[in-house]
Amino acid sequence: MNSKIDKNFFSKPTLLLAQDLLGCYLVHETNEGILSGIITETEAYIGPGDRAAHSFKNRRTKRTEIMFHEPGLIYTYQMHTHTLINIVSGEIDSPEAVLIRALEPIEGIEKMIELRKSQPVSNLTNGPGKLTKALNITMESYGRPIWQPPVYITEGIKPANISSGPRIGIDNTGEAKDYPWRFWITDNQFISKK
């Protein structure tokens, strides 16, 4: 098992954190064993000035409250039938976050297949709603530190190359839809499809 990442790792600019998370492991310790994968794709959301962020114009609601707290806390939210997992970033009271968009499955793959209703390995975790279902991450993680079990991040391997481009699924956000704030491990097969 790789070393857990110290909470200080998350205290850096959001665009840098979104890239530094690539190659790290997202781990969920469950009663039925460990489920984990390498983070292959992320998206940055930079708070008050980012029309695509839930916290645009400092919008502070029950859902977004955790974004105003310290970096490294988990921000989960529901989208349709999916739970999405984000890591709070930026300074306290500067509500920013990094969405984990995709993983390369590593540990507990048979359980992931069961949780994803027999999807092939190539389709288990290549999207933000898919990966939370595969790792059985729920809204229970909201507000918890990402550096402590049961859901946490460990050190990984720094990617040789990182690609960037526009974020996905935010077409109604004006110029924000074109910001190149989605990052992925170049040529990795486990990334979401546009």
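Numbers given in the working numbering equal positions in the sequence shown, counted from 1, plus 50.
Glycine included, every Cβ here is placed at the ideal spot set by N, Cα and C.
With a threshold of 16 other CB atoms inside 10 Å of the CB of MET129, please say whether the residue is buried or exposed.
Here residue 129 corresponds to residue number 79 of the sequence shown, with the count starting at 1. So MET129 counts as exposed.
PRO230 - partner residues in DSSP beta bridges:
In the sequence shown, residue 230 corresponds to position 180, counting from 1. None, per the DSSP bridge assignment.
Below 8 Å, how does it come out for the region 178-197 and the region 114-129: are there three or more Cβ pairs, yes or no?
The region 178-197 vs the region 114-129: in contact.
Rounded C-alpha distance that separates PRO98 from LYS227:
As a working note, residue 98 is residue 48 in the sequence shown. As a working note, residue 227 is residue 177 in the sequence shown. Approximately 15 Å, taken between the alpha carbons.
Please state the DSSP three-state secondary structure of PRO178.
On the sequence shown, position 128 is the one that residue 178 refers to. Per DSSP, reduced to three states, the secondary structure at PRO178 is helical.
TRP234 beta carbon less than 9 Å from that of THR64:
Here the question's residue 64 lines up with position 14 in the sequence shown. Here the question's residue 234 lines up with position 184 in the sequence shown. Result no, Cβ atoms of THR64 and TRP234 do not sit closer than 9 Å.
Between MET189 and ALA210, what straight-line distance do the alpha-carbon atoms span, to the nearest angstrom?
In the sequence shown, residue 189 corresponds to position 139, counting from 1. In the sequence shown, residue 210 corresponds to position 160, counting from 1. Whole-angstrom Cα-Cα distance: 33 Å.
So, does the region 151-161 touch the region 177-184, judging by three or more C-beta pairs under 8 Å?
Short answer: they touch.
Does the distance from the C-beta atom of ILE159 to that of GLY73 stay below 9 Å?
In the sequence shown, counting from the first residue as 1, residue 159 sits at position 109. In the sequence shown, counting from the first residue as 1, residue 73 sits at position 23. No, the Cβ-Cβ distance between ILE159 and GLY73 is not below 9 Å.
Give me the Cα-Cα distance between ASN173 and LYS243, rounded to the nearest whole angstrom.
Here residue 173 corresponds to residue number 123 of the sequence shown, with the count starting at 1. Here residue 243 corresponds to residue number 193 of the sequence shown, with the count starting at 1. The straight-line gap from Cα to Cα measures roughly 10 Å.
Can you give me the C-alpha to C-alpha distance between GLY177 and ILE241, rounded to a whole angstrom?
In the sequence shown, counting from the first residue as 1, residue 177 sits at position 127. In the sequence shown, counting from the first residue as 1, residue 241 sits at position 191. Rounded to the nearest angstrom, the gap between the Cα atoms of GLY177 and ILE241 is 7 Å.
Residue range of the beta strand (DSSP E) that includes MET129
Here residue 129 is taken as the residue at index 79 of the sequence shown, counted from 1. Looking at the DSSP string, the run of the beta strand (DSSP E) that includes MET129 is 124-129.
Endpoints, the alpha helix (DSSP H) within which ALA152 is located:
Residue numbering aside, residue 152 sits at position 102 when the sequence shown is read from its first letter. It is not in any alpha helix (DSSP H) - ALA152 instead sits in the beta strand (DSSP E) that spans 146-157.
When you compare each of GLY224, LYS62, PRO216, PRO199 to ILE142 by their alpha carbons, which one comes out closest?
Residue 142 sits at position 92 when you count from the first residue of the sequence shown. Residue LYS62 is the option with its Cα nearest to ILE142.
Excluding the 5 residues preceding and the 5 following ARG166 in the sequence, name in chain order all residues of the same chain whose CB lies nearer than 8 Å to its CB.
Walking along the sequence shown from the start, residue 166 turns up at place 116. Hits under 8 Å: ASN173, LEU174, LYS180, LYS183, ALA184.
Are HIS78 and ILE187 close, meaning C-beta to C-beta below 9 Å?
Numbered from 1 along the sequence shown, position 28 holds the residue referred to as residue 78. Numbered from 1 along the sequence shown, position 137 holds the residue referred to as residue 187. In this structure, ILE187 lies closer than 9 Å to HIS78 by Cβ.
Hey, out of GLN169, ILE88, ARG109, whose CA is closest to GLU146's CA?
Here residue 146 refers to the residue found at position 96 of the sequence shown. Checked all of GLN169, ILE88, ARG109; the closest Cα to GLU146 is ARG109.
Nearest-angstrom Cβ-Cβ length linking LEU76 and ILE218, presumed shorter than 8 Å
Locating residue 76 in the sequence shown gives position 26, counting from the first residue. Locating residue 218 in the sequence shown gives position 168, counting from the first residue. Contact flag wrong, Cβ pair sits at about 19 Å.
What does DSSP give as the partner residues of LYS54 in its beta bridges?
Walking along the sequence shown from the start, residue 54 turns up at place 4. Per DSSP, THR204.
For GLU205 and ASN52, believed in contact at Cβ under 8 Å, the rounded distance
For this step, residue 52 is matched to residue 2 along the sequence shown. For this step, residue 205 is matched to residue 155 along the sequence shown. Contact flag correct, Cβ pair sits at about 5 Å.
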